[in-house]
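Novice: Chains as they are written, first to last, in the numbering used here: chain A, 158 to 335; chain B, 158 to 335.
All C-beta atoms, glycine included, are put in the ideal place defined by N, C-alpha and C.
The structure presented is a predicted model; accordingly, all values stated were derived computationally and were not measured.
Attaching a single structure in structure tokens format; questions to follow.
This is the structure we're talking about:
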């Protein structure tokens, strides 16, 4: 997808769009460095827009805490192929011990993996702090896309397919529009 | 998503599953290194299973060729939140000049961006060669998931939610099951 896009949203609206879609899509691919290689795995985190953070509960016995200790840089990719919405967040992950926060994030899924509950010694929190982000919000309706391709070709322009912006990440300036 | 999963597929079936879903999902997030930071963008490539490659047409004037020259390691993430299918491919990207191949991959979308056609000096091919891959093929039906959570909790096991495997990438051993 190399469509030339531009944004009609204000910076506050761009941040709000990113945080809203992080919460909506929920499952991301978390890419970390495994030596020189990049690898990703699906993770479902809890967005904390007011802290500019996304928090994940995971097992200490997986590869992630070791990879993060060696190199904390990470990228979270949120993608919804049906609505043609994609978000890339660049930042770093910290491995944190915080039983209180683990308790707050706890759900039925966690009970199955950590039988000792939020104080389970294998349960650990990963706190991702995004530094910069980019989103692509393209139309998913093929008729809309076709009409824009025809318009662009008639006027000799590149098609404008939706909205794209790079954003310096921070807490949202507007309440998320739900 | 920290579900403990295991695979009932043979190695040939695992490779076939990965290549089939790469073609089906089509749009991936391509993560590259921008200095120490990791960043991603949505890209729609052409899978070439028989060459163990995924090929992308892009504009030389974007950041990607520079990032790849500095560090060719990349990760492609394919995700379909509606079917709960996720794939991570680790490998490297080569920037290649191949007007013949560009011609073969050419479509209407390309015409809008590269008015001079496959020989447009701004059009460049990115060939991604996956080295290793991992997939997560989880049930998307909430009733199926709930029943497995109940079963696991009754027998004191972690729930088995679908199929997961790490695969050494190569050309598929079986024709993709379509």
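Roughly how many whole angstroms lie between the Cα atoms of residue 307 of chain A and residue 232 of chain A?
Specialist: 36 Å
Novice: What number of angstroms, rounded off, separates the C-alpha of residue 171 of chain A from the C-alpha of residue 212 of chain A?
Specialist: 21 Å
Novice: Interface residues of chain B around residue 327 of chain A at Cβ under 8 Å?
Specialist: Chain B residues near residue 327 of chain A: none, gap ~17 Å exceeds 8 Å.
Novice: Can you tell me the Cα-Cα spacing of residue 293 of chain B and residue 312 of chain A, whole angstroms?
Specialist: 45 Å
Novice: Exposed or buried, which one is residue 257 of chain A when buried takes at least 16 other CB atoms within 10 Å?
Specialist: exposed
Novice: Give me the residue from A:273, A:263, A:267, A:282 with the minimum Cα distance to residue 252 of chain A.
Specialist: A:282
Novice: Applying a beta-carbon distance threshold of less than 9 Å, which residues of chain B neighbour residue 188 of chain A?
Specialist: 186, 188, 195, 197, 232, 234, 245
Novice: Shorter than 8 Å from the beta carbon of residue 174 of chain A to some beta carbon of chain B?
Specialist: no
Novice: So with Cβ pairs under 8 Å, would you call residue 167 of chain B a contact of chain A?
Specialist: no
Novice: Report the rounded CA-to-CA distance for residue 290 of chain A versus residue 224 of chain B, giving the unit in angstroms.
Specialist: 17 Å
Novice: May I ask you to report which of helix, strand or coil DSSP gives residue 324 of chain B?
Specialist: strand
Novice: Please specify which runs of the beta strand (DSSP E), each continuous and at least 3 residues long, are wholly inside the region 180-232 of chain A, giving them in chain order.
Specialist: 184-191, 194-201, 203-205, 210-216
Novice: Judging by CA-CA distance, which residue of B:330, B:255, B:185 is the nearest neighbour of residue 238 of chain A?
Specialist: B:185
Novice: Whole angstroms is fine: what's the gap from residue 245 of chain A's alpha carbon to residue 321 of chain B's?
Specialist: Approximately 24 Å, taken between the alpha carbons.
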